[in-house]
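Residue numbers (the numbering used here): -16 to 341.
No residue lacks a Cβ here, since even glycine has one placed at the ideal position from N, Cα and C.
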Ligand SMILES: Nc1ncnc2c1ncn2[C@@H]1O[C@H](COP(=O)(O)OP(=O)(O)OP(=O)(O)O)[C@@H](O)[C@H]1O
């Protein structure tokens, strides 16, 4: 797949705050890319640097192989969809979409028939047919999101940047719009770079997921790899589905505050400091006296509470050092277990299922 956008060693500081630290990236054409990171990790700054609203302190940005660092934002061929949609409230759906085409700096379209035809095509592409004449104040949040996207797509960008595009929508609509955005992107074949703070959204949407951490790319991989093999303890923590322990490697085992865990056959992943991660759904809860197999690890903890979330139940246990350990049981496997309040249980996982960083 050809590279549409390349960043080389991009750095951006605000005063003494380093928002971006030597970002190297190559984004493919015709792909959905999620950009995930905790609050303050630099996601919006990275998007604004690519769009040209901010100037990097150092590094190079190439679009279709050409340097665009000094090219004005509206001449970059890159569309931007804002979180709050930024629509004109006094204009209709069709007028909002036509605006970008009629008023763009490069090659504005003035022929009414051409504008109408393009607007009609794009309205059909984003699924807004029938609402052309409606005021944008009289349509739903999801429909406003589509108008914002259509207004960008009508200008035929080679790439679209979306800053938390689903953030203003309620949870139900957000889930439906995920599939919708992916389908629209596939129909138009343009690369989307979608910023989100939600790990579920990033994993569900991206062909590639970029994880940003303190202004650096901590991981760039497909969803499956990010979820199953987070590149660092920080990425694992941010995914919100791993129990993490700090400790040290000693004599073929990981030694942490709550025990000594024998290591599996895989070599540890390189990291700044040793850590041990076990995914919530890789752990089983057993009676305290139950035996374990030779390839299993076991710790004891007291049950605190369970939380039902539809397809799964998440149970919380207090470890002896006071920290919380989480277990996720998928209900497709079995009926939900009930545990005795403050009861002591064995939490068991396979040695091979743990991720070790050292
Ligand atoms: N205009 C600015 N002036 C000074 N500092 C800024 C400015 N914009 C961003 N920052 C700082 O740069 C860092 C990265 O900010 P950025 O908005 O890119 O993060 P983010 O990942 O998009 O966060 P969020 O998810 O909360 O929107 C933060 O520490 C932020 O406080």
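Original post:
What are the boundary residues of the alpha helix (DSSP H) that includes residue 134?
Top reply: Position 151 of the chain shown, counted from the first residue, corresponds to residue 134. Per DSSP, the continuous alpha helix (DSSP H) segment holding residue 134 begins and ends at 124 to 136.
**OP:** Look at the alpha carbon of residue 132 and the alpha carbon of residue 215, and state the distance between them as a whole number of angstroms.
**Re:** Here the question's residue 132 lines up with position 149 in the chain shown. Here the question's residue 215 lines up with position 232 in the chain shown. Roughly 34 Å between the two C-alpha positions.
Original post:
Measuring from the CB of residue 252, is there a heavy atom of ligand 1 at a distance below 6 Å?
Top reply: The residue you call residue 252 lines up with position 269 of the chain shown. Outside the cutoff, so no.
Subject >> Three-state secondary structure assigned by DSSP to residue 204 >> reply: Within the chain shown, the letter at position 221 stands for residue 204. The answer is strand: DSSP assigns residue 204 an E or B state.
Original post:
Who's in the neighbourhood of ligand 1, going by beta-carbon under 6 Å from any heavy atom, listed in chain order?
Top reply: Result (chain order): -3, 0, 2, 20, 22, 23, 24, 25, 26, 27, 28, 180.
Original post:
How far does the beta strand (DSSP E) with residue 331 in it reach, from first residue to last?
Top reply: Residue numbering aside, residue 331 sits at position 348 when the chain shown is read from its first letter. Element bounds for residue 331: 327 to 333.
Original post:
Roughly how many angstroms lie between the CA atoms of residue 204 and residue 116, to the nearest whole one?
Top reply: Within the chain shown, the letter at position 221 stands for residue 204. Within the chain shown, the letter at position 133 stands for residue 116. Cα-Cα distance, rounded: 42 Å.
Subject >> Unbroken alpha helix (DSSP H) run spanning residue 216, endpoints >> reply: On the chain shown, residue 216 is found 233 positions in, with the first residue counted as 1. Unbroken alpha helix (DSSP H) run through residue 216: 216 to 222.
**OP:** Look at the Cβ atom of residue 3, then the Cβ atom of residue 35, and state whether they are nearer than 7 Å.
**Re:** Residue numbering aside, residue 3 sits at position 20 when the chain shown is read from its first letter. Residue numbering aside, residue 35 sits at position 52 when the chain shown is read from its first letter. In this structure, residue 35 does not lie closer than 7 Å to residue 3 by Cβ.
**OP:** Take the Cβ of residue 160 as the centre, count every other Cβ of all protein chains shown within 10 Å, and call the residue buried at 16 or more, exposed below.
**Re:** Reading the chain shown from its first residue, position 177 is the one you call residue 160. Result: buried.
**OP:** Taking residue 279 as part of the alpha helix (DSSP H), name the residues at either end of that continuous run.
**Re:** Sequence index remark: in the chain shown, residue 279 carries index 296 (1-based). For residue 279, there is no enclosing alpha helix (DSSP H); the residue is found in the beta strand (DSSP E) stretching over 279 to 291.
**OP:** Have a look at residue 165 and residue 22 and give me their C-alpha separation to the nearest angstrom.
**Re:** As a first step, residue 165 is located in the chain shown; it is residue number 182 there, counting from the start. As a first step, residue 22 is located in the chain shown; it is residue number 39 there, counting from the start. One C-alpha to the other measures close to 24 Å.
Original post:
Got a sec, what are the start and stop residues for the alpha helix (DSSP H) residue 185 sits in?
Top reply: For this step, residue 185 is matched to residue 202 along the chain shown. Note, residue 185: alpha helix (DSSP H), 182 to 188.
Subject >> Option in 44, 29, 299 with minimal Cα separation from residue 307 >> reply: Walking along the chain shown from the start, residue 307 turns up at place 324. The shortest Cα separation from residue 307 among 44, 29, 299 belongs to 299.
Subject >> Whole-angstrom distance between residue 301 and residue 310, CA atom to CA atom >> reply: As a working note, residue 310 is residue 327 in the chain shown. As a working note, residue 301 is residue 318 in the chain shown. So the alpha carbons of these two residues sit roughly 11 Å apart.
Original post:
When you compare each of 64, 89, 184, 174 to residue 130 by their alpha carbons, which one comes out closest?
Top reply: Translated into the one-based positions of the chain shown, residue 130 becomes position 147. Comparing Cα positions, the closest option is 64.
Subject >> Bridge partner(s) assigned by DSSP for residue 322 >> reply: What you label residue 322 is simply residue 339 of the chain shown in a count that begins at 1. In the DSSP output, where bridge partners are listed per residue, residue 322 has none listed.
Original post:
Can you find a C-beta in chain D that's less than 7 Å from the C-beta of residue 299?
Top reply: Any reference to chain D falls outside this structure, which holds one protein chain only.
Subject >> residue 263 - partner residues in DSSP beta bridges >> reply: Counting from 1 along the chain shown, the entry for residue 263 is found at position 280. Paired residue(s): none; residue 263 is not in a bridge.
Subject >> Residues near residue 318 by beta carbon distance below 6 Å, same chain, minus five either side >> reply: In the chain shown, residue 318 corresponds to position 335, counting from 1. There are no such residues.
Subject >> Alpha-carbon to alpha-carbon, residue 209 and residue 312 >> reply: By 1-based counting over the chain shown, the position of residue 312 is 329. By 1-based counting over the chain shown, the position of residue 209 is 226. One Cα belongs to residue 312, the other to residue 209, and the distance between them is close to 21 Å.
Original post:
From residue 261 to residue 226, what distance separates their C-alpha atoms?
Top reply: If you number the chain shown from 1, residue 261 lands on position 278. If you number the chain shown from 1, residue 226 lands on position 243. Residue 261 and residue 226 have their C-alpha atoms some 5 Å from each other.
Original post:
Out of 289, 183, 199, which has the shortest C-alpha to C-alpha gap to residue 5?
Top reply: Taking the first residue of the chain shown as 1, we reach residue 5 at position 22. When 289, 183, 199 are compared, the shortest CA-CA separation from residue 5 is found for 199.
Subject >> Alpha carbon of residue 108 to alpha carbon of residue 170, nearest angstrom >> reply: Indexing the chain shown from 1 puts residue 108 at position 125. Indexing the chain shown from 1 puts residue 170 at position 187. Going by C-alpha positions, residue 108 is about 7 Å away from residue 170.
Original post:
Does DSSP classify residue -11 as helix, strand or coil?
Top reply: Taking the first residue of the chain shown as position 1, residue -11 is located at position 6. Note: residue -11 maps to strand in three-state DSSP.
**OP:** Find out if the Cβ-Cβ distance for the pair residue 153, residue 178 is shorter than 7 Å.
**Re:** Start at 1 with the first residue of the chain shown, and residue 153 comes out as number 170. Start at 1 with the first residue of the chain shown, and residue 178 comes out as number 195. Cβ atoms of residue 153 and residue 178: not closer than 7 Å.
Original post:
Taking all protein chains shown into account, do 16 or more other C-beta atoms lie within 10 angstroms of the C-beta of residue 248, making it buried, or fewer, making it exposed?
Top reply: Taking the first residue of the chain shown as 1, we reach residue 248 at position 265. Under this definition residue 248 is an exposed residue.
Subject >> Supposed contact pair residue 114 and residue 76 - C-beta distance, whole angstroms, cut 8 Å >> reply: The residue given as residue 76 occupies position 93 in the chain shown. The residue given as residue 114 occupies position 131 in the chain shown. That belief holds up - the Cβ atoms of residue 76 and residue 114 are roughly 5 Å apart, short of 8 Å.
**OP:** Taking residue 1 as the reference, give the member of 323, 19, 331, 39 with the closest Cα.
**Re:** On the chain shown, position 18 is the one that residue 1 refers to. Of the listed residues, the one whose Cα sits closest to residue 1 is 39.
Original post:
Taking all protein chains shown into account, do 16 or more other C-beta atoms lie within 10 angstroms of the C-beta of residue 218, making it buried, or fewer, making it exposed?
Top reply: Locating residue 218 in the chain shown gives position 235, counting from the first residue. Buried, by the Cβ-count rule.
**OP:** Label residue -5 either buried or exposed according to how many other C-beta atoms from any shown protein chain fall within 10 Å of its C-beta, with 16 as the threshold for buried.
**Re:** In the chain shown, counting from the first residue as 1, residue -5 sits at position 12. So residue -5 counts as buried.
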